[in-house]
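S.K.: Chains as they are written, first to last, in the working numbering: chain A, 1 to 604; chain B, 1001 to 1343.
The structure is given below, and queries will be raised subsequently.
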Amino acid sequence: MLQTYIFAAVMKNIRNFCIIAHIDHGKSTLADRLLEHTHTIGVRDMMNQVLDDMDLEREKGITIKSHAIQINYPYKGEEYILNLIDTPGHVDFSYEVSRALAACEGALLLVDASQGIQAQTISNLYLAIDNDLEIIPVINKIDMDGAQIPEVTDQIVDLIGCKPEDILLASGKSGIGIDEILEAIVSRIPAPQGSYDAPLQALIFDSVFNSFRGIIVYYRILNGILKKGDKIRFVASGMDYFADEVGVLKLTMTPKEEMKAGDVGYIITGIKVAKEVKVGDTITLANNPGKMIHGFEEVKPMVFAGIYPVETDDFEELRDCMDKLQLNDASLTFELETSQALGFGFRCGFLGLLHMEIIQERLEREFDQTVITTVPNVGFYAYTSKGDKLSVNNPSEMPDPTKLDRIEEPFIRAQIISMPDYIGNIMTLCLGKRGILINQTYLTPTRVELTFEMPLTEIVFDFYDKLKSQTRGYASFDYSPIGYREADIVKMDILLNNEKVDALSALIHRSRAQEFGRKLCEKLKELLTKQQFQIAIQAAIGAKVIARENISAMRKDVTAKCYGGDISRKRKLLEKQKEGKKRMKQIGNVEVPQEAFLAVLKLD
Amino acid sequence: MIAAIAKEAEWRKDYLNEKVETIYFGGGTPSLLSISDLRLMIEKLKELFFFDENAEISLEANPDDITEEKLIEWKAIGINRLSIGIQSFNDVDLQWMNRAHNAQHAIECLKLATKYFNNITIDLIYGSPTLTDEQWKKNVEFAISFNIPHISCYALTVEPKTALDKLIIQQKKENIDVDKQAKHFESLMQWMKEVGYEHYEISNFAKPNYRSKHNSSYWKGLPYLGLGPSAHSFNGSSRQWNIANNALYIQSIENGDLNFEKEELTASQQLNEYIMTSLRTIEGINFLDDRWLMTDDKTKSKIILSAKKWEANGNVVLNEKILRLTDKGRFLADGIAADLFQL
């Protein structure tokens, strides 16, 4: 016990690091190997990809929330503590990535030997370099067919200016190079620096919700000492708590009496609501407060959509589920919203489209809720002629055009890395999405980086899919917000037999409205079933109809034969039909199936 | 097969408690059966069940199986109603539907059949891509000219996964035009009314006293016993159906253990079946029918409320005694029934 205490106190034997990699470049497998090799976990009791412990994460092959784990590693007669901090692998979560990086002194830059460097990797690499992290480049999957080690080596050398011999070769799958990586972590990544005597400053890089213990906060201590029982304060939120339990993150949580500068660990304070814990906030002591750690930001939602229960009666249940979901996902925001078409629901803010999909799937899987998600939109600013600035996160909030001075939309800087063959296609795609080319750089002769400034709203719907198909998958993409710019945004409504369907309204650039309206009308024609009367589907801006489709009246809805052997089968068929109709929404006299509300996401 | 069916009949002779009023040999091609087999079946059934002396005994026959000799024999063993699958009197149409007979066959067999039987029904199919409006009219006129007292007219239906369905998907055959079917149906209703046929069920037309007793009992919810592979039986509260595969059916009989599936109908399922079948008939839902009377008031008023909507757009007739489809509503019968269903 005493030995552990002394051992934990030695900062020079601690290494805090993370792994930067593109999706599928083998981060989780490599992490598993590191844990196995150091006997942090046994082979048998380990599920593949230990760090990704949400079902959804394992299925989507990405890490949604970051986690951390402590590895004990003996090297040249000394015991080292290696804290591996896992980072989310999707652009929606880039702020969280930046905080995880800020908790480290070094990073493994993991690059797939056959795929080379991708845009996501580069943007995270830049974040790491900004945070002064020591980069250890690793080429992974070197034993795969199609591995191009010399080419990828050149890419890495060009990118970070290292020497070719600094690059490690590995295969997480077969265990090649694991020893070398562990040695490099100890010998190349600097030990943490900090003072035990300075006021406590611990950087929060993540939190998880545990239904028995409340919110568990993950942090890295930069300065000072945190003891069990201390009265602590979160600097940004200004809230005080007691440290009921502190400890380190082994495969399970291991309580300690105290945590010191350089350590990575957890704290339990009885907080019940994830919103109180902000990633990037600083933990300090209430009686001897330290300063805020640089780099904290309030996370702002980028994409908004309505979430409604399919059955209007289920609203209260959905509210409970949203509350519970927010307990462990502080980046989800929502407020009450009503729709004529869908009844009571919530206007939700998400970090991005992936985040939106995740929330929707978690509602369905973990909470057994069937929901309708409405047309997503980005957040706009509307300036009225009186000079007021309004935040518009919902088509219904858009002021009347006569009262509008101007509208601003969020812009992003988009980085796309691909092969020179696809430059033409990428240019066509991005310029068609109102993009402006800012820069074009050859990283290597076969790898080009294009930088565009684009409206965020243009990438919300189908940009990823289009980019993939235009480059046969040989492109990677990343973006960061760069502020708001004036734009000609209009509200487009959909009408069914002259009844406005508020849940299908969209905020869209005027130049795109007609095409969008036409496609949406066509899609709705496909999704609405014939009814006893003709249905007119119209897209309109204000009173001006910009697209129209008709669905002719149903002329025949009867089976020819209904004799002894047909009755059971036919009754079941009609009962199923009736069941299906119960799930439809009535708009005026038109019955609208749920899929119609999602139509907008499925446009070509 | 005949032996197996006879065996099944023996095992299940207590399934029906009432007097048997109809027998129907159908499903597949019973007209292929030898006379001795048919005779054996009828004798067996008469031995096992208590028959009404005026029982309707129908036989389904393909035009190409019909000969004068067979007609005489069928009559001799007690068959008193023939159902003939004419489908069309047009060769192009018959070929498109992949039928074995041609128009000439159809005509000759009707000439013969009417010599020996007066209770005859024929099937006609409308709305195929090859059937023009004029030819449809001719088909119906032809049938009427033979003085056939009962005609079943079916809109051509493409069942999923059939050969026809595949050909249509591969665009080797033209798809069904629903508007044309609706048009054929509307004309049909008009013509049949003019010549005195009663449109007593969506696809069935009869001269007075020539309704199919057998099929009417399905729509009245009366019990029935079905023998042979895939045959359905109903005892008023449960329905069961034998395994469809011929070989497995025979095997199960040989093993002494009939292979069938069975479902008990809940009250709402029974009500739904009543709605579905009776809406197809000219009588519609009769508010004095037991099956309506045993329904609770709340459910009844829900159904009536839904029906009002259909009354408003002219698809049903609703008064204090009945709820039935109008001519306009008949082609929407399924959607209306589903709408009135109670889950």
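By construction, the Cβ of each residue, glycine as well, lies at the ideal position given by its N, Cα and C atoms.
Give the DSSP-derived three-state secondary structure of Phe516(A) in the structure shown.
M.R.: helix
S.K.: Rounded to a whole number of angstroms, what is the C-alpha to C-alpha distance between Ser568(A) and Arg1239(B)?
M.R.: 8 Å
S.K.: Assuming the contact rule is C-beta atoms closer than 8 Å, Arg1081(B) and Asn1054(B) should be a hit. Round their C-beta distance to whole Å, please.
M.R.: About 12 Å separates the Cβ atoms of Arg1081(B) and Asn1054(B), ruling out a contact at the 8 Å cut-off.
S.K.: What do you get for Ala1244(B), buried or exposed, if any count of 16 or more other CB atoms within 10 angstroms of its CB means buried?
M.R.: exposed
S.K.: Please state whether DSSP places Tyr1200(B) in a helix, a strand or coil.
M.R.: Correct three-state label for Tyr1200(B): strand.
S.K.: Among the candidates Ser1152(B), Ser1212(B), Leu1225(B), whose CA atom is the shortest distance from the CA of Met1189(B)?
M.R.: Ser1152(B)
S.K.: For Leu2(A) and Pro445(A), what's the separation of their Cα atoms in angstroms?
M.R.: Per-residue confidence for Leu2(A) stands at a pLDDT of 39, beneath the threshold of 50, marking its modelled position as unreliable; no derived number is given.
S.K.: Cβ closer than 8 Å: which chain B residues qualify as neighbours of Ile567(A)?
M.R.: Tyr1218, His1232, Phe1234, Arg1239, Glu1273, Met1276, Thr1277
S.K.: Provide the residue(s) that pair with Cys274(A) in DSSP beta bridges, ordered along the chain.
M.R.: The sequence given here has Ala at residue 274(A), not Cys. Partner(s): none; Ala274(A) has no beta bridge.
S.K.: What would DSSP say about Tyr266(A), mapped onto helix, strand or coil?
M.R.: strand
S.K.: Can you pull the chain B residues whose beta carbon is under 7 Å from the beta carbon of Leu574(A), in chain order?
M.R.: Met1276, Asp1334, Ala1337, Ala1338, Phe1341
S.K.: Quick one: which residues of the stretch 547-558 of chain A get their C-beta closer than 9 Å to a C-beta of chain B? List them in chain order.
M.R.: If the cut-off is 9 Å between Cβ atoms, the stretch 547-558 of chain A has Ser552, Met554, Arg555, Lys556, Asp557, Val558 near chain B.
S.K.: Can you confirm whether Arg1012(B), when its beta carbon is compared against all beta carbons of chain A, has any partner nearer than 8 Å?
M.R.: no
S.K.: Quick one: is Gln538(A) buried, meaning 16 or more other Cβ sit within 10 Å of its Cβ, or exposed?
M.R.: Gln538(A) counts as buried, since no fewer than 16 other beta carbons sit within 10 angstroms of its beta carbon.
S.K.: Under DSSP, the alpha helix (DSSP H) around Tyr1218(B) begins and ends at which residues?
M.R.: 1213-1220
S.K.: Runs of 3 residues minimum, wholly inside the stretch 1072-1128 of chain B: which ones carry the beta strand (DSSP E) assignment?
M.R.: 1081-1087, 1120-1126
S.K.: Exposed or buried, what is Phe1050(B) when buried is set at 16 or more other beta-carbons lying within 10 Å of its beta-carbon?
M.R.: Under this definition Phe1050(B) is an exposed residue.
S.K.: Going along chain B, which residues have a C-beta under 7 Å from Lys389(A)?
M.R.: Residues of chain B passing the Cβ test: none, with the nearest at roughly 49 Å.
S.K.: Residues of chain B with a CB under 7 Å from the CB of Gln577(A): which are they?
M.R.: Ala1338
S.K.: Are Pro376(A) and Val303(A) closer than 8 Å when you measure CB to CB?
M.R.: yes
S.K.: Would you check if the distance between the CB atom of Pro199(A) and the CB atom of Gly224(A) is smaller than 8 Å?
M.R.: Taking 8 Å as the Cβ cut-off, Pro199(A) and Gly224(A) qualify as a contacting pair.
S.K.: From the DSSP secondary-structure annotation, give me the bridge partner or partners of Gln1190(B).
M.R.: Paired residue(s): none; Gln1190(B) is not in a bridge.
S.K.: Can you give me the C-alpha to C-alpha distance between Asp45(A) and Glu36(A), rounded to a whole angstrom?
M.R.: The pLDDT assigned to Asp45(A) is 49, lower than 50, so where the model puts this residue is not dependable, and the model offers no usable value.
S.K.: Give the DSSP-derived three-state secondary structure of Tyr979(B) in the structure shown.
M.R.: Summary: the structure shown does not reach residue 979(B), with chain B confined to residues 1001 through 1343, and so no result is reported for it.
S.K.: Within 10 Å of its beta-carbon, does Asn439(A) have 16 or more other beta-carbons around it, so buried, or fewer, so exposed?
M.R.: exposed
S.K.: Let me check one thing: in DSSP terms, what residues is Gly345(A) bridge-paired to?
M.R.: Under DSSP, Gly345(A) forms a beta bridge with Glu337(A).
S.K.: Compare the Cα-Cα distances from Asn1171(B) to each of Pro1129(B), Ile1202(B), Pro1030(B) and report the closest residue.
M.R.: One point to set straight first is that residue 1171(B) is Gln, not Asn, in the sequence displayed. If you compare the alpha carbons of Pro1129(B), Ile1202(B), Pro1030(B) with that of Gln1171(B), the shortest gap goes to Pro1129(B).
S.K.: Where are the beta strand (DSSP E) runs, 3 residues long or more, that stay fully inside the stretch 529-604 of chain A, in chain order?
M.R.: Here the runs fully enclosed are 535-541, 544-551, 585-587, 590-592.
S.K.: What alpha helix (DSSP H) runs, 4 residues minimum, are completely inside the stretch 440-503 of chain A?
M.R.: 457-460, 463-470
S.K.: Looking only at DSSP bridge pairs, what is Gly642(A) linked to?
M.R.: Residue 642(A) lies beyond the range of chain A shown here (1 to 604); nothing can be said about it.
S.K.: Relative to chain A, which residues along the stretch 1076-1091 of chain B have a C-beta separation below 7 Å, given in chain order?
M.R.: none
S.K.: What distance in whole Å lies between the Cβ atoms of Ser1083(B) and Ala1061(B), which are believed to be in contact at a cut-off of 8 Å?
M.R.: 7 Å
S.K.: Using the three-state DSSP reduction, which class does Leu168(A) fall into: helix, strand or coil?
M.R.: Strand.
S.K.: State the CB to CB distance for the pair Ile20(A) and Thr121(A), rounded to an integer number of angstroms; the pair is presumed to be in contact (CB under 8 Å).
M.R.: 6 Å
S.K.: Going by C-alpha to C-alpha distance, which of Thr441(A), Glu105(A), Glu515(A) sits closest to Ile416(A)?
M.R.: When each option's Cα is compared against that of Ile416(A), the closest is Thr441(A).
S.K.: Applying the criterion that 16 or more other CB atoms from any shown protein chain within 10 Å of the CB defines a buried residue, is Glu1174(B) buried or exposed?
M.R.: Result: exposed.
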